[in-house]
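Here is the structure we will look at, set down as structure tokens.
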Amino acid sequence: MISHSGPASDPIRLSIDRVFNGPADSAHGGYACARFARGCGLPPPLAVTLLVPPPLDSAIEIFPGTTRCTVRADGQLIATVATLPKGVGGPVAAVDLRTAEAAAERFSNTDHPFPTCFVCGHGRSGGSGLRLRPGALADRPDTVACPWTPAAELGDPVPEEFVWSALDCPGGWAGTSSPVRAVLTRMSAEITGPVRAGRRHAVVGAVVRRHGRTRTVATALYTDTLQLVAKATATWTDFPDHTGH
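Numbering-wise, the sequence shown is residues 1 to 245 according to UniProt numbering.
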């Protein structure tokens, strides 16, 4: 839900329903980033920096600016949104659906750090969520891929918050040899074509560089004919404990 009240200088108010969780008690990072980017009202592409795990079922306020917005919950600064003049950057190389399907078979759901994650969790009741299975490519160990056929109930074309969501988790799994507890700290995405419900797609994620516990990743979404329809870059930080997603 997003609401506008009062003069244009007033904050934009929204909340994130508990169904869109990453860890059990905070919002899914990609979903939250998309909601904040859209609510900010600045022209894309935009970079969203998460300072703390975004809360669920809570009042969130976005304070607009000319090139930068701030996002607060209960008075606490939780995120910023800023224009990205140079754009998102080049996409990860495409893979075909057969390759994505083979990679998904390598996805390990054992000891998943966030088994109820809206995007890559497989422990959700009633089969809800996107249920992606990003597994490593056989010849590109720092790259993961999986198929995704957006469900009709998401909407057609698929709303941007679900596209950002699908681009998020594969980046978190890229370059990891085992399930990793990690926090998404920054994400930018660009939707370059309509993402159609019911059409088969391949999501690809790859590590761009590493620095200590931090990984910079790139992800991309391709149709079954290898047309690029969305791409993203993100920064993840690995942690020994459950701290975010």
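For each residue, glycine too, the CB sits at the ideal point set by N, CA and C.
Rounded to the nearest angstrom, the gap between the Cα atoms of Pro157 and Cys33 is 19 Å.
Going by DSSP, Pro170 is part of the alpha helix (DSSP H) stretching over 160–173.
In this structure, Thr219 is the residue among Gly212, Val195, Thr219, Arg199 with its C-alpha nearest to the C-alpha of Met187. Membership of Glu101 in any beta strand (DSSP E) is not indicated; the residue belongs instead to the alpha helix (DSSP H) covering 97–104.
Exclusion of the five residues before and after Thr235 leaves Leu184, Thr185, Arg186, Met187, Thr214, Arg215, Thr216, Val217 as the residues of its chain whose Cβ lies within less than 8 Å of its Cβ. Of the residues Gly41, Gln76, Cys169, the one whose Cα lies closest to the Cα of Thr83 is Gly41.
With contacts defined by Cβ atoms closer than 8 Å, Arg72 and Glu161 do not form a contacting pair. The C-alpha of Ala138 is placed about 42 Å away from the C-alpha of Ile60. Secondary structure at Phe114: coil, using DSSP grouped into helix, strand and coil. In the same chain as Gly123, and ignoring 5 residues on each side of it, the C-beta atoms closer than 6 Å to its own belong to Pro115, Thr116, in chain order.
Residues of the same chain with a CB within less than 7 Å of the CB of Lys86, apart from the 5 flanking positions on each side, do not exist. By a beta-carbon distance limit of 8 Å, Thr99 contacts Ala145. Their separation comes to about 6 Å.
Assigned with DSSP and collapsed to three states, Phe107 falls in coil, not helix or strand. The continuous alpha helix (DSSP H) containing Cys40 extends over residues 29–40. Going by C-alpha positions, Pro159 is about 15 Å away from His201. DSSP places Pro141 inside the beta strand (DSSP E), whose first and last residues are 140–148. Membership of Phe63 in the beta strand (DSSP E) is indicated by the continuous run 60–63.
One Cα belongs to Pro44, the other to Gly90, and the distance between them is close to 16 Å. The beta carbons of Asp168 and Val119 sit about 6 Å from each other, so the pair counts as a contact at 8 Å. With fewer than 16 other Cβ atoms inside 10 Å of its own Cβ, Pro141 counts as exposed. Scanning its chain for C-beta atoms nearer than 7 Å, with the 5 sequence neighbours on each side dropped, one finds around Phe20 the residues Ala27, His28, Tyr31, Phe118, in chain order.
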